[in-house]
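Count along the sequence shown from 1, then add 137; that gives the number in my numbering. Yeah, the Cβ is synthetic: ideal placement off N, Cα and C, and Gly gets one too. Everything numeric in this text was worked out from a predicted model, so none of it was measured. Down below is the structure, laid out as structure tokens.
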Amino acid sequence: MVTAAAGRRRPRGPGWRPLLLRALAAAATAVRRLTLAAGQRVVGGREAGYRAWDPEVIGVDTAAEQAVIGVLRRARVRGLLLSEEAGEVHLGGKGREAVAAQTDVVYMVMDPFDGSMLYRRGIRALWFTALGIYGQDGAARAAGLVDHVTGEVVLADETYMMKPAFLYPTASALRPLLQRAHFVLPNGGPGGFADVACGKVDVYVCWQEALTEVFSAVAVAERAGCLVTHWDGTPLRFRPDVHALHSLVVSANARLHDEVLRALRGVTPPKGLLP
């Protein structure tokens with residue numbers, strides 16, 4: 138199912154939407170064809186200093202990533218892919234398809250498989266692949282993500298607390314804010330942006346999320362009219378730094394956004410989680 142709000146602007150460029158759909162469909166197919174044992178198998182490690190809290194790469198990560206890269210290469214998209222497992226991948230070639238016919242040299246930000254810790258334990262929940270496409274001007278061209286459990290695809294049409302190292306200190310620091318909520322949904326990363334965009338939750342608060350977690354799907358929320366800023370209220374700006382970390386507030390409306398920012402002024406950042 139494709140979820141898209143009526144009356145909102147479509148992505149710039151006629152070819153980005155079908156490209157996103159093909160890429161996300163390829164990732165979904167790759168994940169679905171994997172046996173759980175193959176998907177859970179450790180197939181590599183990360184470079185020293187990058188995502189030290191999550192040093193192992195498992196089969197499902199690379200399967201989804203390679204499926205999307207294959208679609209991008211076949212479409213002859215030109216630009217730089219920033220992805221969680223592959224790091225920086227330069228894509229070149231002159232295009233023959235509609236998307237490549239555009240003169241943009243783009244940045245593509247991908248979270249190949251968000252939910253690896255749950256996958257390792259065989260828990261079928263909160264498994265996502267997300268891809269965001271940005272121009273040289275830093276403006277989003279398109280973004281989308283696929284839920285591997287439900288098959289839902291969310292496109293940009295014009296509280297993730299599973300990780301033990303982050304769970305307790307983050308929840309404790311945010312207690313003054315969380316106590317004011319009617320309920321807390323333990324989702325985050327790319328899925329958090331889609332949850333606010335689709336009206337599942339009113340606010341998503343993320344702490345020190347990686348570039349691949351943010352820019353693979355933040356445009357889904359932005360194009361839906363949500364407000365996205367850093368905790369201090371400063372605007373979010375794209376820069377192609379795979380090591381960048383972002384603490385963000387994503388809100389459904391301006392009044393609520395202001396209330397959350399005021400509440401965060403009294404929050405001391407979780408100890409041990411500073412970049």
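Residues in the same chain with beta-carbon distance under 6 Å from residue i, minus the five sequence neighbours each way, listed in chain order, please.
i: A200; result: A167 and L171
i: A175; result: G196
i: A204; result: A163, A164 and A167
i: R159; result: V208
i: E346; result: H383
i: R261; result: V286
i: W344; result: T307 and S384
Which residue marks the beginning of the beta strand (DSSP E) containing residue i, and which one marks its end?
i: T266; result: F265 to Y271
i: P249; result: V243 to D251
i: T366; result: L364 to H367
i: E225; result: G224 to L228
i: A347; result: V340 to A347
i: G182; result: V179 to G182
i: L382; result: L382 to S388
i: V291; result: V290 to L292
How far does the alpha helix (DSSP H) with residue i in it extend, from its first residue to its last?
i: F352; result: No alpha helix (DSSP H) holds F352; DSSP gives it neither H nor E.
i: R278; result: Looking at the DSSP string, R278 is not in any alpha helix (DSSP H); the run it does join, the beta strand (DSSP E), is A277 to D284.
i: V333; result: P327 to A334
i: D395; result: A391 to L401
i: V168; result: W153 to R170
i: R312; result: R312 to L315
Grab me the residues of residue i's own chain with a C-beta within less than 7 Å of its C-beta, minus the 5 sequence neighbours each way, in chain order.
i: L393; result: D339 and V340
i: A391; result: L364
i: G229; result: R215
i: M299; result: Residue placement at M299 is poorly supported in this model, since its pLDDT is 49, which falls under 50; the coordinates still yield a value, given next. So the qualifying residues of the chain are M254, L255 and P323.
i: R233; result: Below a pLDDT of 50, predicted positions are generally treated as unreliable, and R233, at 43, falls in that range; the measurement from the model is reported next regardless. Excluding sequence neighbours, R233 sits near R213.
i: W153; result: V236, I270, R278 and A279
i: I275; result: Note that residue 275 corresponds to Gly in the displayed sequence, not to Ile. So the qualifying residues of the chain are R374 and F375.
i: P406; result: A310
i: P372; result: T366
i: P192; result: G182 and R183
i: V227; result: According to the sequence as given, residue 227 is His; it is not Val. Taken in chain order, the residues that qualify are L217.
i: G259; result: L173
i: F330; result: Y341, A354, V355, V357, A358 and V387
Which whole-angstrom value describes the C-beta separation of residue i and residue j, a residue pair presumed to lie in contact below a C-beta threshold of 8 Å?
i: V283; j: L173; result: That pair is no contact at about 19 Å.
i: L465; j: L219; result: With the chain represented from 138 up to 412, any question about residue 465 goes unanswered, as that position is not in the structure.
i: D251; j: G326; result: 4 Å
i: G281; j: L157; result: 5 Å
In its own chain, which residues sit with a C-beta less than 8 Å from the C-beta of residue i, not counting the 5 before and 5 after it?
i: V194; result: V179, V180, G181, G182, R183 and E222
i: V333; result: D339, V340, Y341, A358, A361, C363, V387, S388 and A389
i: V397; result: L314, V340, V342, V386 and S388
i: E225; result: L217, L218, L219 and V379
Is any heavy atom of the ligand GTP found at a distance shorter than 7 Å from the C-beta of residue i?
i: E222; result: Questions concerning the ligand GTP fall outside what the structure shown contains, since it holds no ligand whatsoever.
Tell me whether the stretch 265-272 and the stretch 239-253 touch, counting them as touching only if at least three CB pairs, one residue from each stretch, are closer than 8 Å.
The stretch 265-272 makes contact with the stretch 239-253: 3 or more CB pairs, one atom from each, lie closer than 8 Å.
Assess, as a yes-or-no matter, whether the stretch 351-366 is touched by the stretch 306-323 under the definition of 3 or more beta carbon pairs within less than 8 Å.
no
Does the pairing of the stretch 305-315 with the stretch 356-368 give three or more beta-carbon distances under 8 Å?
By the Cβ test, the stretch 305-315 is not in contact with the stretch 356-368, since fewer than three Cβ pairs between them sit closer than 8 Å.
Could I get the ranges of all uninterrupted alpha helix (DSSP H) runs contained in the stretch 193-222, with 4 residues as the minimum, in chain order?
Taking 4 residues as the minimum length, the alpha helix (DSSP H) runs contained wholly in the stretch 193-222 are 196-211, in order along the chain.
Cβ pair count under 8 Å reaching 3, the stretch 374-381 against the stretch 280-296:
no
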